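Novice: Residue 40 in numbering that gives the first Met the number 0 is what sits at position 41 of the sequence shown, and the numbering runs on without skipping anything.
C-beta: ideal position from N, C-alpha, C; glycine also.
Quantities reported herein were computed from a predicted structural model and do not represent experimental measurements.
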Amino acid sequence: MSDVSVTVVGHVGQDPHLFASQSGTRWTSIRVASTRRVRDPRSGEWGDGPTMWFTVRAFGDRALNLVESVRKGTPVVVTGRLAVEEYEVRKQEKGPDGEAVEVRQPRWAQVIENASVGVDLSRGVARFTRTVHTDVVPGGAPAAAGGPGAPGGPGAHGGAGAERGPSWEVPGESAAPDGAELEDEEQVESDARETVGV
Numbered sequence: 000m001s002d003v004s005v006t007v008v009g010h011v012g013q014d015p016h017l018f019a020s021q022s023g024t025r026w027t028s029i030r031v032a033s034t035r036r037v038r039d040p041r042s043g044e045w046g047d048g049p050t051m052w053f054t055v056r057a058f059g060d061r062a063l064n065l066v067e068s069v070r071k072g073t074p075v076v077v078t079g080r081l082a083v084e085e086y087e088v089r090k091q092e093k094g095p096d097g098e099a100v101e102v103r104q105p106r107w108a109q110v111i112e113n114a115s116v117g118v119d120l121s122r123g124v125a126r127f128t129r130t131v132h133t134d135v136v137p138g139g140a141p142a143a144a145g146g147p148g149a150p151g152g153p154g155a156h157g158g159a160g161a162e163r164g165p166s167w168e169v170p171g172e173s174a175a176p177d178g179a180e181l182e183d184e185e186q187v188e189s190d191a192r193e194t195v196g197v
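1) Since His10 contacts Thr54 with CB under 8 Å, what's their CB separation in whole angstroms?
2) Pairing CB atoms from the stretch 20-29 with CB atoms from the stretch 85-96, are three or more of them under 8 Å?
3) Flag Leu63 as yes if its beta-carbon sits less than 8 Å from any beta-carbon of chain B, otherwise no.
4) Under three-state DSSP, which class holds Glu112?
5) Would you kindly report the start and end of the unbroken alpha helix (DSSP H) that includes Ala57?
6) How many angstroms separate the CA atom of Glu84 from the CA atom of Ala108?
7) Can you have a look at Arg30 and say buried or exposed, based on whether 16 or more other CB atoms are within 10 angstroms of its CB?
8) Could you have a look at Ser28 and say whether DSSP puts it in helix, strand or coil?
9) Output the distance between the C-alpha atoms of Arg35 and Met51, rounded to the nearest integer angstrom.
10) In three-state DSSP terms, what is Leu17?
11) For Asp119, tell me which candidate among Val76, Gln104 and Leu65 has the shortest Cα-Cα distance.
12) Return the first residue and the last residue of the beta strand (DSSP E) that Ala82 is part of.
13) Can you give me the C-alpha to C-alpha distance between Lys90 and Gly48, rounded to a whole angstrom?
14) Considering just the uninterrupted stretch of the beta strand (DSSP E) at Val201, what are its terminal residues?
15) Find the nearest neighbour of Thr128 within the set Val7, Gly117 and Lys71, judged by alpha-carbon distance.
16) Which value, in whole angstroms, describes the spacing of the CA atoms of Gly12 and Val5?
17) Pro141: buried (16+ other C-beta within 10 angstroms of its C-beta) or exposed?
18) Rounded to the nearest angstrom, how far is the Cβ of Ala62 from that of Leu17, given a contact under 8 Å?
This is the structure we're talking about:
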């Protein structure tokens with residue numbers, strides 16, 4: 000099977016969170032909504048086409064940079080390797096005799112793996128700060144393990160040995176509180192458009 004590389008323009012659906020695998024690899028996963036603008040041939044009016052959702056995964060330094068750089072509603076350009084993952088949704092429904100029956104439905108998700116993510120500069124201004132991630136603190140000792148906010152951990156002052164600068168922001172916008180996610184994917188896209196004035 001051959002690799003398919005894709006580039007997607009869209010909006011981040013929720014704040015990213017940093018995770019670590021059992022082997023210690025840091026990674027993050029976000030959802031990105033991409034809605035194409037289409038022109039009605041009869042009226043000449045522009046409107047929204049269907050929204051496509053992508054799961055975007057980044058690992059290592061890319062994951063650290065992503066967690067520090069984007070928030071829900073941030074307009075982004077994503078490039079990476081496209082994969083399709085199958086999963087199963089289980090739900091309870093009433094059977095013919097009125098008893099609850101578990102129904103399994105297969106679903107598919109479009110996943111962009113090993114993704115590089117950048118802020119869409121057609122929607123705002125960004126400031127770039129080069130980062131140097133290390134797993135060693137000054138003096139040669141290993142960095143302390145921990146999640147965001149832990150001493151020496153991601154999200155701490157400078158992260159795990161990272162030199163960081165200002166985050167991306169657009170004047171007049173406010174980011175959602177950490178951990179806040181919208182309940183409805185359609186609402187995410189609507190909120191993202193209102194935020195950037197589309």
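Specialist: Taking the geometry as given:
1) Sequence index remark: in the sequence shown, residue 10 carries index 11 (1-based). Sequence index remark: in the sequence shown, residue 54 carries index 55 (1-based). 14 Å between Cβ atoms; not a contact.
2) No contact exists between the stretch 20-29 and the stretch 85-96.
3) Chain labels in this structure do not include chain B; a single protein chain is all it has.
4) In the sequence shown, counting from the first residue as 1, residue 112 sits at position 113. When DSSP states are grouped into helix, strand and coil, Glu112 belongs to the strand group.
5) Reading the sequence shown from its first residue, position 58 is the one you call residue 57. It is not in any alpha helix (DSSP H) - Ala57 instead sits in the beta strand (DSSP E) that spans Trp45 to Phe58.
6) By one-based count along the sequence shown, residue 84 stands at place 85. By one-based count along the sequence shown, residue 108 stands at place 109. Rounded to whole angstroms, the gap between the alpha carbons of Glu84 and Ala108 is 5 Å.
7) Within the sequence shown, numbered from 1, the residue matching residue 30 stands at position 31. Per the 10 Å Cβ criterion, buried.
8) For the purposes of this step, residue 28 is taken as the residue at position 29 of the sequence shown. Reduced to three states, the DSSP call for Ser28 is strand.
9) Translated into positions along the sequence shown, residue 35 becomes position 36. Translated into positions along the sequence shown, residue 51 becomes position 52. The C-alpha of Arg35 lies about 9 Å from the C-alpha of Met51.
10) Translated into the one-based positions of the sequence shown, residue 17 becomes position 18. Leu17 falls in the coil class under three-state DSSP.
11) Position 120 of the sequence shown, counted from the first residue, corresponds to residue 119. Cα-wise, what sits closest to Asp119 is Val76.
12) Numbered from 1 along the sequence shown, position 83 holds the residue referred to as residue 82. Residues Pro74 to Lys93.
13) By one-based count along the sequence shown, residue 90 stands at place 91. By one-based count along the sequence shown, residue 48 stands at place 49. For Lys90 and Gly48, the distance between alpha carbons rounds to 30 Å.
14) No answer is possible for residue 201: it lies beyond the span of the chain, which begins at 0 and ends at 197.
15) For the purposes of this step, residue 128 is taken as the residue at position 129 of the sequence shown. Of all alpha-carbon atoms in Val7, Gly117 and Lys71, the one lying nearest the alpha-carbon of Thr128 is that of Gly117.
16) Counted from its first residue, the sequence shown places residue 12 at position 13. Counted from its first residue, the sequence shown places residue 5 at position 6. Straight-line Cα distance between these residues: approximately 19 Å.
17) Working through the sequence shown from its first residue, we reach residue 141 at position 142. The predicted model places Pro141 with a pLDDT of 44, which falls under 50 and marks its position as unreliable; any figure quoted below should be read in that light. Burial check for Pro141: the Cβ neighbour count within 10 Å stays below 16, so the residue is exposed.
18) The residue you call residue 62 lines up with position 63 of the sequence shown. The residue you call residue 17 lines up with position 18 of the sequence shown. Indeed they touch by this definition, with Cβ atoms about 6 Å apart.
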